[in-house]
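**Student:** Residue numbers (the working numbering): 12 to 1214.
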């Protein structure tokens, strides 16, 4: 017996959730494994494709144990602008589970309308009674007409571009992950929501027809379709219903009488808004709020306070029906899609002589089918269906001659005069009604209110609830939780975190798992003993419940007493504990559900505190207060770690995972399937090829003859679920293609060059070969693609260079090793070390070492690949390489860094040497780390030799080595400006970063008379409106190099500076921008800001800081880009000079070294310009740097017998 555990979770920002999980000492894989999750469906990931592709580590987007699938928001509804941090979905699938295909563009072949419906004839259809939707199928009158699909209009894929549907296809089911739009506080998006709900249902129909597979539909629906799915006070109550049905409630007689007497007065009062007396007040913080008084026949009573507006009060208390406009009333209420009608593999028998139809459905199923069809016909659900005998020859011939069948899905939207009803007449929230009761001295207990809410309460707008009920009643889907546990109360998945409602469990259940009925029959019903309770009682859970001291009584779920009246029962807490093992209702009681939600009363209410400031009389106590804040933060972290473990202690097979409150305002919902597999049985089944880019009719795989196909096709189209049993027994689903879907392949930008097809074919073939060898290495592939694109003019002149690039793209040697070390607490730690020795064509391998948590093989390969061409441009005899570790020096003590460096060199020393490989520093590796590494190397080899560069000047280092990269960036910019007849003087400059490169770049820019406005780190950026002075730069250096603090601390040194938290400086107007922080820090959106602010020049100080899409956009807008492999080559240039000085046993002065550096940077700039002009006919420094750097390496490679 095998298990499949599927979890759905709205994470409200996956990056944040990942950070919290990692902060608590877990990797994402270990988190998922500890929760025993096989498939994780995420909603509201709030990320974008750039982050997924180029910063996958922050999202765990590329995992050794899980395949991941993503769909991100392209643009928000009614917006022409991209919105890359909105909505979004992901699916993590354990690699042991077969994923056949996936789709992130599910509506690509859907359309709003067809040009000429007169060219089609109606074939079969079905009307749905609950939401008045309908599905219809059409055959073309002229069978040749439909072969050309140019008549399709209004592609809906762009309309639904918010990243709200993601599909994966598996052997036994299709998984559909969705994030339904939120209607909005004022229901302003209800129209868009309904449009999406119906396109979702149309998609489900298409999937069932084209694959034959049953569906699992999961996600955040933003709908609570039962009164039990919201906190009892959040139910709407129809006051007339309450008056009529008051006797049905198990209330004390005196309470019933009070309600009976009061309701007519209340209704009369609320029907006339002139009885509403609204008063505006301001609190001590000058915030306006509104208070409501009601006049009951002249008797004025205060009912409520702290409302945000009079409109909110009228919405809550008026008994008038409330409508909102349908902004999309002009759009047709229908969707169209085509199905391929391919029956070429079937036997050509077309008459009724065939006696055996058992492959389609059993006799029992046929009998049930006849009954269902009769009922449907009586209800007029089925608009047309052929007689039980043969369909007529005319229709059969049309079917056999039609290559495609048109499907039309139409819906009503539940609108009245193009408006949606969002609140019914005479409806009022139970909470508001209770406030009125209290004002009239009618006091109801919690049990009374639960009784009323769970009896006659209703929730979401009727149009939303109708959609859910259609899925259940018409599409034969099962919402697992409500089906298995129909009477449980207080089981919520979402709470308003702003109001901190998780503490009191005032939430709602809006996250669901729906499954087709066949899956329930196959995977759950057989093992129903496992699903007696959504909470599994363990000894650990029992102990947690015993420790709760604050609960006196336990409120059980509502039940019917012997008189048929609804009743709520309370029992003593200790008594409840004694009955836990024998009474499932106690384990899932309203009281205990609250305890699960608030982690057994351990989630504390946050209290807003006024921090000390300029207007605070106790400023002198700032330091003491800060110390207290730090202690409080430490206590919070400790509490968090303890609370973090709670989510692993409440076990559920079908129900909820009570995830850590700080991870999201939602908890996860889950279902566990148990099933038996027989691989031999799978092999014996008929192979059925599936692809998400192809939509055929799966009936052709169940049938054996054309007669069967034409007989059952009408029924199959309107009710494909009826055939799911046959599909599951007969078919073995596989992918249609042996390699990736064509739809997933994306061609790179070609810069407008027109090459002949054979050359383009060879380039693409080589590119695919490199990609196939380096899957998941996105940083490296980005660098490779940039070089490949730039070199196309070179390949056009001499195709032999294409083979050289393919050879060079493969490192000569890749070294990976473990780095064990011991922290200050005596704990053993393990990190990974890397050294990629890429190319020794021009000299010994040369390139830095990077210590940073984002380091992986892909990052090191990208840096090493770039280093080949960067070193080539210096004209010094150096090959290319790079190394590092995922060790993070931040927050580590001196001794910890020393121990790590020594352990790192213990592994590295055997692969490096002055004539083999000479590493240097990089991010996280400064002069301190170089010293520790060199000392260990010297001890291991018993030699003092120039094996590392970036050494201290006292023991073999070079003057201005620390300054070299930053100075070099400035010199390169100076050369570029000189060609424009301009200089750095008085230029407004924006610099990102505040490390070594940024610091010395700013120093040189100030020296040259430029005005530098910004510096940054990962926490945000500092804006100095008048530009940094030399003295202010020294303050920055002290903060970053000595105190090792965040750049925000600079505010203590400057009265004019401003700090922008978690922002990048690209929105500040400037002449020149210098990105010096990290790779891909300038995105496509950032490029738009630079263009808007009239930036003229971009000079890259960091390695590959400009995303390739941003680079294309900047080039289109004539912004000159100075690429990193050229502009920041100053560091490696002086490293090369240090190697020369070590070999000659001498040391040049700072002035002499600086002069050599300036010459090298000028030479690099000229090489880029010359190569660019020669091969592209224009000044394109990106292409020029790649071409010039590559040609020297390529020619040397050929001369040394490489090809």
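Glycine included, each C-beta is placed from N, C-alpha and C at the ideal position.
As a quick exercise: from 1056, 797, 61 and 684, pick the residue whose alpha carbon is nearest that of residue 537.
**Tutor:** Locating residue 537 in the chain shown gives position 526, where the first residue counts as 1. The residue with the shortest Cα to Cα distance from residue 537 is 684.
**Student:** My output table needs one value for residue 4: the three-state DSSP class, helix, strand or coil.
**Tutor:** The displayed coordinates of the chain run from 12 to 1214. Any statement about residue 4 would go beyond what the structure contains.
**Student:** What whole-angstrom Cβ distance do residue 184 and residue 226 have, given they're in contact under 8 Å?
**Tutor:** For this step, residue 184 is matched to residue 173 along the chain shown. For this step, residue 226 is matched to residue 215 along the chain shown. That belief holds up - the Cβ atoms of residue 184 and residue 226 are roughly 7 Å apart, short of 8 Å.
**Student:** Can you check DSSP and say which residues form a bridge with residue 230?
**Tutor:** The residue you call residue 230 lines up with position 219 of the chain shown. Residue 230 pairs with 189 and 523.
**Student:** Any idea which residues DSSP pairs residue 1299 with across the strands?
**Tutor:** This structure cannot settle anything about residue 1299, because the visible part of the chain is limited to 12 through 1214.
**Student:** Kindly indicate which residue of 1016, 187 and 1145 has the alpha-carbon position closest to the one of residue 858.
**Tutor:** Start at 1 with the first residue of the chain shown, and residue 858 comes out as number 847. Ranking 1016, 187 and 1145 by Cα distance to residue 858 puts 1145 first.
**Student:** Once the 5 residues before and after residue 768 are set aside, which same chain residues still bring their CB inside 7 Å of it?
**Tutor:** Within the chain shown, numbered from 1, the residue matching residue 768 stands at position 757. Confidence is the limiting factor: at residue 768 the pLDDT is only 39, short of 50, which leaves the residue's position unreliable, though a coordinate-based value still follows. Correct list: empty, nothing qualifies.
**Student:** Just to confirm the assignment, what range does the alpha helix (DSSP H) spanning residue 832 have?
**Tutor:** Here residue 832 corresponds to residue number 821 of the chain shown, with the count starting at 1. Here residue 832 belongs to no alpha helix (DSSP H); instead the beta strand (DSSP E) covers 824 to 833.
**Student:** Which residue comes first and which comes last in the alpha helix (DSSP H) that contains residue 986?
**Tutor:** Numbered from 1 along the chain shown, position 975 holds the residue referred to as residue 986. Segment 972 to 989, the alpha helix (DSSP H) holding residue 986.
**Student:** Please classify residue 912 as buried or exposed, where buried requires at least 16 other C-beta atoms within 10 Å of its C-beta.
**Tutor:** Sequence index remark: in the chain shown, residue 912 carries index 901 (1-based). Residue 912 comes out buried.
**Student:** On the three-state DSSP scale, how would you describe residue 1113?
**Tutor:** Your numbering for residue 1113 matches position 1102 in the chain shown. Three-state result, residue 1113: coil.
**Student:** Could you check whether residue 1137 and residue 1192 sit closer than 8 Å to each other, using their CB atoms as the reference points?
**Tutor:** The sequence position of residue 1192 within the chain shown is 1181, counting from 1. The sequence position of residue 1137 within the chain shown is 1126, counting from 1. Cβ atoms of residue 1192 and residue 1137: closer than 8 Å.
**Student:** Helix, strand or coil: which one does DSSP assign to residue 293?
**Tutor:** As a first step, residue 293 is located in the chain shown; it is residue number 282 there, counting from the start. The answer is strand: DSSP assigns residue 293 an E or B state.
**Student:** Use the C-beta contact count for residue 428: other C-beta atoms within 10 angstroms, 16 or more gives buried, fewer gives exposed.
**Tutor:** For the purposes of this step, residue 428 is taken as the residue at position 417 of the chain shown. Classification for residue 428: exposed.
**Student:** Please classify residue 398: does DSSP put it in a helix, a strand, or coil?
**Tutor:** Counting from one through the chain shown, the residue named residue 398 turns up at place 387. Any answer about residue 398 is weak, because its pLDDT of 44 lies below 50 and its placement is not dependable; what the coordinates show is given next. In this structure, residue 398 counts as coil in the three-state DSSP scheme.
**Student:** In its own chain, which residues sit with a C-beta less than 7 Å from the C-beta of residue 48, not counting the 5 before and 5 after it?
**Tutor:** Here the question's residue 48 lines up with position 37 in the chain shown. These residues qualify, in order along the chain: 16 and 18.
**Student:** Quick one: grab the DSSP three-state call for residue 29.
**Tutor:** Against the chain shown, residue 29 aligns to sequence position 18. If DSSP states are grouped into helix, strand and coil, residue 29 belongs with the helices.
**Student:** I'd like to check one pair, residue 709 with residue 222: are the Cβ atoms closer than 8 Å?
**Tutor:** By one-based count along the chain shown, residue 222 stands at place 211. By one-based count along the chain shown, residue 709 stands at place 698. Taking 8 Å as the Cβ cut-off, residue 222 and residue 709 qualify as a contacting pair.
**Student:** Buried or exposed: where does residue 400 fall if 16 or more other Cβ atoms within 10 Å of its Cβ makes it buried?
**Tutor:** Numbered from its first residue, the chain shown carries residue 400 at position 389. Per-residue confidence for residue 400 stands at a pLDDT of 43, beneath the threshold of 50, marking its modelled position as unreliable; the derived number appears in the next sentence. Residue 400 is exposed by the Cβ-count criterion.
**Student:** Using a Cβ-Cβ cut-off of 7 Å (strictly less than) and excluding sequence neighbours within five positions of residue 1062, which residues of its own chain qualify?
**Tutor:** By one-based count along the chain shown, residue 1062 stands at place 1051. Cβ within range, chain order: 1068 and 1070.
**Student:** Which of helix, strand or coil does DSSP assign to residue 209?
**Tutor:** Position 198 of the chain shown, counting from 1, holds the residue named residue 209. In this structure, residue 209 counts as helix in the three-state DSSP scheme.
**Student:** Enumerate in chain order the residues of its own chain whose CB-to-CB distance from residue 601 is below 6 Å, with the five nearest sequence positions on each side excluded.
**Tutor:** Along the chain shown, read from residue 1 onward, the residue named residue 601 stands at position 590. Answer for residue 601: 500, 501 and 566, listed in chain order.
**Student:** Is it true that the segment 76 to 87 meets the segment 255 to 270, where meeting means three or more beta-carbon pairs spaced less than 8 Å apart?
**Tutor:** As far as the Cβ criterion goes, the segment 76 to 87 does not touch the segment 255 to 270, which means the pair count is below three.
**Student:** If we require 4 or more residues per run, which alpha helix (DSSP H) segments fall completely within the segment 287 to 342?
**Tutor:** 321 to 328
**Student:** Mind the definition here: the segment 939 to 947 touches the segment 1126 to 1137 only if three or more C-beta pairs lie below 8 Å; say whether that holds.
**Tutor:** No, because fewer than three Cβ pairs between the segment 939 to 947 and the segment 1126 to 1137 fall closer than 8 Å, the two stretches do not touch.
**Student:** For residue 1154 and residue 958, I'd like the C-alpha separation in whole angstroms.
**Tutor:** For the purposes of this step, residue 1154 is taken as residue 1143 along the chain shown, with counting starting at 1. For the purposes of this step, residue 958 is taken as residue 947 along the chain shown, with counting starting at 1. Going from the Cα of residue 1154 to the Cα of residue 958 covers about 11 Å.
**Student:** How big is the Cα-Cα spacing for residue 544 and residue 107?
**Tutor:** The sequence position of residue 544 within the chain shown is 533, counting from 1. The sequence position of residue 107 within the chain shown is 96, counting from 1. Taking the straight line from one Cα to the other gives about 28 Å.
**Student:** Where residue 1147 and residue 968 are concerned, what is the direct C-alpha to C-alpha distance, given to the nearest angstrom?
**Tutor:** Here residue 1147 corresponds to residue number 1136 of the chain shown, with the count starting at 1. Here residue 968 corresponds to residue number 957 of the chain shown, with the count starting at 1. Computed Cα separation, rounded: 11 Å.
**Student:** For residue 20, is the classification buried or exposed, using 16 other Cβ atoms within 10 angstroms of its Cβ as the cut-off for buried?
**Tutor:** By 1-based counting over the chain shown, the position of residue 20 is 9. Under a 10 Å Cβ-count criterion, residue 20 is classified as buried, with 16 or more other Cβ atoms of the shown protein chains found around its own Cβ.
**Student:** Taking three-plus beta-carbon pairs below 8 Å as touching, is the segment 183 to 197 in contact with the segment 44 to 63?
**Tutor:** yes
**Student:** If we ignore side chains and look at the alpha-carbon of each, how far apart do residue 1125 and residue 218 end up?
**Tutor:** Position 1114 of the chain shown, counted from the first residue, corresponds to residue 1125. Position 207 of the chain shown, counted from the first residue, corresponds to residue 218. Cα-Cα distance, rounded: 42 Å.
**Student:** Could you say if the segment 322 to 339 and the segment 431 to 450 meet the contact criterion of at least three C-beta pairs nearer than 8 Å?
**Tutor:** yes
**Student:** Using DSSP's beta-bridge definition, name the partner residues of residue 271.
**Tutor:** Locating residue 271 in the chain shown gives position 260, counting from the first residue. According to DSSP, residue 271 bridges with nothing at all.
**Student:** Are at least three pairs of beta-carbons, each pair with one atom in the segment 242 to 251 and one in the segment 464 to 472, less than 8 Å apart?
**Tutor:** Contact annotation: the segment 242 to 251 touches the segment 464 to 472, with at least three C-beta pairs closer than 8 Å.
**Student:** Would you decide whether residue 1085 is buried or exposed? Buried here means 16 or more other CB atoms lie within 10 Å of its CB.
**Tutor:** Position 1074 of the chain shown, counting from 1, holds the residue named residue 1085. When all chains shown are included, residue 1085 counts as buried.
**Student:** Who are the Cβ neighbours of residue 984 in its own chain at under 8 Å, not counting the five residues just before and after it?
**Tutor:** Here the question's residue 984 lines up with position 973 in the chain shown. 995, 1083, 1085, 1108, 1110, 1133 and 1138, listed in sequence order.
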